[in-house]
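FYI, in my numbering the residues of the sequence shown are 14 to 214.
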Amino acid sequence: MNLLDGFHKHHIIPRYKGGSDAPENLVLLHPIDHAIAHLVRFKIYGNPADGWAYNRIINGLKDELIPNRKGIPKPYMRKPKSEETKAKMSAAAKGKKKSPEAVEKVRKALTGRQATPQQLACLALGRERPKGYVSPLKGKHRETPWMFGREPANKGKPVSEETKSKLSAANKGRKQTPEQIAKRVAARLATLAARKEAANA
């Protein structure tokens, strides 16, 4: 086995400062020494290229030779982007579908974050229905699982205005307990599952 196997070529004068790939500008370094060289250079000059190189080398090390492998958290990613760059990135990403793994990563990253007023306004726009929109479920009877094949006891019985007012007043301001919410969610999921099963039958 060659003793130099696994060593990295490091530019003494970095390419971003005009350094070349000439042999006299290259030195062989152990991967850890190579990472440290880029880290030191990043701390002195603050060039994102060194931060990127440091992270790339550290992430490439599979063993635990360095106790803290987090490194510099991608300093080049913190640079503010111009509106033109944002528009180009948006156009490039348009129409691309994310993998389930990517969706899960985004979900975890956003969990617990408070939405800004602008984000809430965008969500509200997405909920608006076009003029004349009619829900495909309108007028359809939606049964809960335990009511399949059974008639509701109050079916066909008119409800007086007085009863409606009493029901409305009784429910006003009431908050559901976590148990009630969980029960309602479970019932809804069971209804959807039963409906899907009936559709596939």
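Built from N, CA and C at the ideal position, the CB exists for glycine as well.
Between TYR29 and ALA62, the gap from beta carbon to beta carbon is short of 8 Å. Looking at the DSSP output, LEU39 sits in a beta bridge with HIS24. Excluding five sequence positions before and after LEU41, the CB atoms of its chain that fall closer than 8 Å to its own CB belong to LEU17, PHE20, HIS21, LYS22 and HIS23, given in chain order. Taken through DSSP and simplified to helix, strand or coil, ASP34 comes out as coil. Between GLY32 and ILE25, the CB-CB gap stays under 8 Å.
Exposure of HIS43 is indicated by the presence of fewer than 16 other C-beta atoms within 10 angstroms of its C-beta. Between the beta-carbon of HIS47 and that of ILE70 there is about 6 Å, and that keeps the pair under the 8 Å contact cut.
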